[in-house]
């Protein structure tokens with residue numbers, strides 16, 4: 001039997017919990033309760049989870065954090081479940097969404113009509129739309145909705161009622177947790193939500209020790225820090241933690257945030273202040289075949305490796321030389337997986353910290369700058385990659401193409417702020433390349449809308465340590481805004497601000513600091529009106 | 530463009546001559562006299578565990594972002610800084626009785642044991658010789674999660690200026 005799980009790891013111990021049996025298209029598979037469906041299927045060797053609607057291309061695991069939709073499958077009769085966030089349960093029936101379109105496709109392709117075309121063509125007259133949709137869903141593999149879904153109907157707004165609180169924190173990563181700790185210790189009633197089954201965000205995947213000041217995070221391993229913060233939060237009776245809860249809407253007029261809860265339930269939360277700490281999405285890279293299973297986001301690989309202890313493959317390559325790519329290369333080395341090389345087009349220097357680059361190279365993993373990928377090889381999964389050297393003007397150097405043998409490719413080329421929720425507060429958004437993309441204008445207290453604050457990667461792409469400091473600061477500013485400020489709060493704000501400034505004092509952060517100054521204003525009300 | 534023409538920041542690792550120019554490597558008289566630490570962290574990044582952990586104040590850091598420098602007079606070679614450095618960039622070096630010794634952090638498998646013969650690798654990952662593990666210790670100080678600190682012995686003392694990683698062959 002194929003088993004891609006890691007059992008020996010130099011840093012981590014994997015406590016997988018109770019063993020359960022899940023069924024893929026009727027075939028039993030070994031899984032654990034602590035695993036997501038996607039991780040369990042991957043550990044059992046499944047690479048193709050579904051096919052794309054339009055061109056029937058193979059689709060598999062990609063981001064592992066419920067952001068992309070590559071891993072959708074039918075779980076216990078419900079179609080289009082993102083398997084990377086659904087947890088395994090005993091006797092779960094999982095089906096690949098394979099439908100008649102798979103057989104029709106060659107014919108439709110000959111007619112130059114990809115199946116999904118009908119979805120747009122048949123919207124008028126309106127009475128055709130409903131029956132046409134039923135047929136199209138069936139044909140394309142989007143699945144058939146059951147008449148009755150488990151749990152209350154999703155149409156009831158706030159089926160779990162309305163909660164009122166002082167401070168609602170959206171996102172349980174380093175920024176959100178630190179904000180809840182700082183504000184929670186000073187007595188405010190807090191609700192912190194996260195769409196995963198646990199708090200911690202990306203911290204739980206960081207097996208390496210952090211930089212920064214020893215007073216905060218330095219010398220500690222990320223996942224230990226995450227565990228510590230979760231424990232700190234659980235000791236605060238005024239902090240309510242809601243996991244598997246996604247914020248799906250904000251209504252400024254009513255000042256209500258709508259949440260989706262497990263079992264199709266919805267919950268409304270009315271808060272005096274909001275903190276958006278939703279983190280970031282991974283960027284991708286354009287090259288031929290970049291959609292086939294085996295091409296992953298670097299964060300997706302980190303999740304597989306360090307949260308679930310599942311090997312992504314036997315031999316991989318990394319694209320990008322930022323800190324994320326360099327760290328994932330090191331995590332792969334630690335898990336005993338061969339890394340064929342770290343490739344990036346950078347000319348001036350290796351983009352991440354030098355010490356990260358040095359530690360992977362001394363283990364025999366080459367960093368190859370001035371190179372990029374041309375295409376991924378393989379039809380249903382990655383079987384290799386074609387790389388090329390670049391000329392100084394970033395055009396591929398002629399005749400320099402070569403083949404690299406690998407069975408997975410990690411893309412670690414940076415992050416985009418997850419600004420979806422931010423926008424619902426009607427802020428002033430600006431596009432800033434240095435900070436990662438679209439970010440809201442804010443004031444010195446991280447306020448970007450009358451009652452909303454921002455912290456962490458969704459406001460500017462930085463390190464986990466700076467996210468923690470920003471979160472802490474936002475929590476303290478909210479405490480002040482709630483009328484709970486005192487000398488202790490002011491002193492703590494000064495301390496945090498000082499450390500944050502020191503953290504951003506390296507030449508790495510020069511441009512970033514300037515960019516943050518650019519989007520920070522004295523008076524936010526002036527900007528909003 | 531070949532790899533040799535790149536500078537250290539473009540390559541992602543230093544050569545010995547570049548580090549000597551930066552005064553990072555201890556002089557030969559010092560390493561022949563005692564075991565001392567050397568910090569191959571030359572970039573300004575916000576970090577300070579090495580300076581905080583040193584009980585002899587042998588590591589000087591001018592602000593959070595400045596690279597640390599070792600006062601070889603004060604350093605006793607206690608390995609504390611090797612165990613805490615988040616960048617895995619602190620090593621100890623010694624030349625004793627005509628043999629070279631390098632102490633380094635080790636975070637991969639298989640687990641090191643006394644007497645094991647290992648492959649020695651330089652900063653670029655090239656295998657430069659064979660050595661013997663003389664002293665693997667497991668550090669679990671403070672909040673840092675356990676990490677091995679391994680000392681290897683090599684017959685050629687000159688290699689102690691080059692060796693920065695080991696590979697333990699699978700049994």
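Protein chains in written order, with our numbering: chain A, 1 to 529; chain B, 530 to 700. Glycine residues also receive a C-beta, built at the ideal position from the N, C-alpha and C atoms.
Please go through the same chain and pick out, in chain order, the residues whose beta-carbon is closer than 8 angstroms to the beta-carbon of residue 223(A), but skip the five residues on each side of it. Here residue 223(A) refers to the residue found at position 223 of the first chain. The answer, listed in chain order, is 12, 200, 203, 204, 205, 206, 207, 306.
Segment contact flag, the region 647-656 of chain B with the region 602-611 of chain B, C-beta cutoff 8 angstroms, min 3 pairs: no
Who are the neighbours of residue 353(A) on chain C, taking C-beta pairs under 8 angstroms? Of the chains in the structure shown, none is chain C; the protein chains are A and B.
Can you tell me where the alpha helix (DSSP H) with residue 516(A) in it begins and where it stops? Counting from one through the first chain, the residue named residue 516(A) turns up at place 516. Taken as a continuous stretch (DSSP letters only), the alpha helix (DSSP H) holding residue 516(A) covers 510-519.
So within the region 216-299 of chain A, which uninterrupted alpha helix (DSSP H) runs reach at least 4 residues, ignoring any that extend past its ends? 222-234
Of the listed residues 59(A), 31(A), 4(A), 7(A), nearest to residue 381(A) (C-alpha basis): To locate residue 381(A), count along the first chain from 1; it is residue 381. For the residues 59(A), 31(A), 4(A), 7(A), the minimum Cα distance to residue 381(A) belongs to 59(A).
From which residue to which residue does the beta strand (DSSP E) around residue 86(A) run? The residue labelled residue 86(A) in the question sits at position 86 within the first chain. Unbroken run through residue 86(A): none, as it is neither H nor E.
For chain B, is any of its Cβ atoms less than 8 angstroms away from the one on residue 311(A)? Your numbering for residue 311(A) matches position 311 in the first chain. Not an interface residue.
Secondary structure, beta strand (DSSP E): runs of 3+ residues fully inside the region 339-382 of chain A: 367-369, 371-377
Alpha carbon of residue 578(B) to alpha carbon of residue 228(A), nearest angstrom: Indexing the second chain from 1 puts residue 578(B) at position 49. Indexing the first chain from 1 puts residue 228(A) at position 228. The alpha-carbon atoms of residue 578(B) and residue 228(A) are separated by roughly 19 angstroms.
Would you mind sorting residue 534(B) into buried or exposed? The rule is 16 or more other CB atoms within 10 Å of its CB. Position 5 of the second chain holds residue 534(B). Residue 534(B) is exposed by the Cβ-count criterion.
Report yes if the C-beta distance between residue 277(A) and residue 414(A) is below 8 angstroms; otherwise report no. In the first chain, the residue the question calls residue 277(A) occupies position 277. In the first chain, the residue the question calls residue 414(A) occupies position 414. Not closer than 8 angstroms, so no.
Residue 323(A): first and last residue of the uninterrupted alpha helix (DSSP H) it sits in: Mapped onto the first chain, residue 323(A) falls at position 323. First-last of the alpha helix (DSSP H) with residue 323(A): 323-334.
Rounded to a whole number of angstroms, what is the C-alpha to C-alpha distance between residue 536(B) and residue 398(A)? By 1-based counting over the second chain, the position of residue 536(B) is 7. By 1-based counting over the first chain, the position of residue 398(A) is 398. Each residue's alpha carbon lies about 24 angstroms from the other.
For residue 653(B), which residues in chain A fall below 7 angstroms Cβ to Cβ? Translated into the one-based positions of the second chain, residue 653(B) becomes position 124. Here the neighbours are 361.
In three-state DSSP terms, what is residue 38(A)? Reading the first chain from its first residue, position 38 is the one you call residue 38(A). DSSP places residue 38(A) in helix when its eight states are reduced to three.
Can you have a look at residue 526(B) and say buried or exposed, based on whether 16 or more other CB atoms are within 10 angstroms of its CB? As shown, chain B starts at 530 and ends at 700. That puts residue 526(B) outside it, with no answer to give.
Would you say residue 638(B) faces chain A, with C-beta separation under 8 angstroms as the test? As a working mapping, residue 638(B) is identified with position 109 in the second chain. It does: the Cβ of residue 638(B) has a partner Cβ on chain A nearer than 8 angstroms.
DSSP beta-bridge partners for residue 443(A)? Sequence index remark: in the first chain, residue 443(A) carries index 443 (1-based). 521(A).
Of all Cβ atoms in chain A, is any one closer than 8 angstroms to the Cβ of residue 650(B)? To locate residue 650(B), count along the second chain from 1; it is residue 121. Closer than 8 angstroms to some Cβ of chain A, the Cβ of residue 650(B) qualifies, so yes.
Strictly below 7 angstroms CB to CB, what residues from chain A border residue 581(B)? Reading the second chain from its first residue, position 52 is the one you call residue 581(B). Within chain A, the residues near residue 581(B) are 214.
Less than 6 angstroms between C-beta atoms, sequence neighbours within five positions excluded: which residues of the same chain meet that for residue 437(A)? Stepping through the first chain from its first residue, residue 437(A) is reached at position 437. Excluding residues within five positions, the ones whose Cβ falls inside 6 angstroms are 416, 417.
Chain B residues whose Cβ lies nearer than 8 angstroms to that of residue 333(A): Counting from one through the first chain, the residue named residue 333(A) turns up at place 333. The answer, in chain order, is 637.
Mapping DSSP to helix, strand and coil, what is residue 526(A)? Here the question's residue 526(A) lines up with position 526 in the first chain. In the displayed model, residue 526(A) falls within a helix according to three-state DSSP.
If contact means a Cβ-Cβ distance below 7 angstroms, which residues of the region 6-29 of chain A contact chain B? Residues 8, 10, 11.
Decide if residue 500(A) is buried, meaning its Cβ has at least 16 other Cβ atoms within 10 Å, or exposed. Working through the first chain from its first residue, we reach residue 500(A) at position 500. Answer is buried; the Cβ neighbour count reaches 16.
Could you tell me the distance, in whole angstroms, from the CA atom of residue 671(B) to the CA atom of residue 404(A)? Your numbering for residue 671(B) matches position 142 in the second chain. Your numbering for residue 404(A) matches position 404 in the first chain. At residue 671(B) the pLDDT is 48, less than 50, meaning the model places this residue with poor confidence and gives no usable figure here.
Nearest-angstrom beta carbon gap, residue 70(A) and residue 36(A) [assumed within contact, 8 angstroms]: As a position in the first chain, residue 36(A) is number 36, starting the count at 1. As a position in the first chain, residue 70(A) is number 70, starting the count at 1. About 14 angstroms; that fails the 8 angstroms criterion.
Would you be able to state if there are at least three C-beta pairs under 8 angstroms between the region 230-238 of chain A and the region 248-268 of chain A? no
Beta-carbon of residue 664(B) versus every beta-carbon of chain A: anything under 8 angstroms? The count along the second chain starts at 1 and reaches residue 664(B) at position 135. No, no contact with chain A.
Give the DSSP-derived three-state secondary structure of residue 176(A) in the structure shown. Sequence index remark: in the first chain, residue 176(A) carries index 176 (1-based). Helix at residue 176(A).
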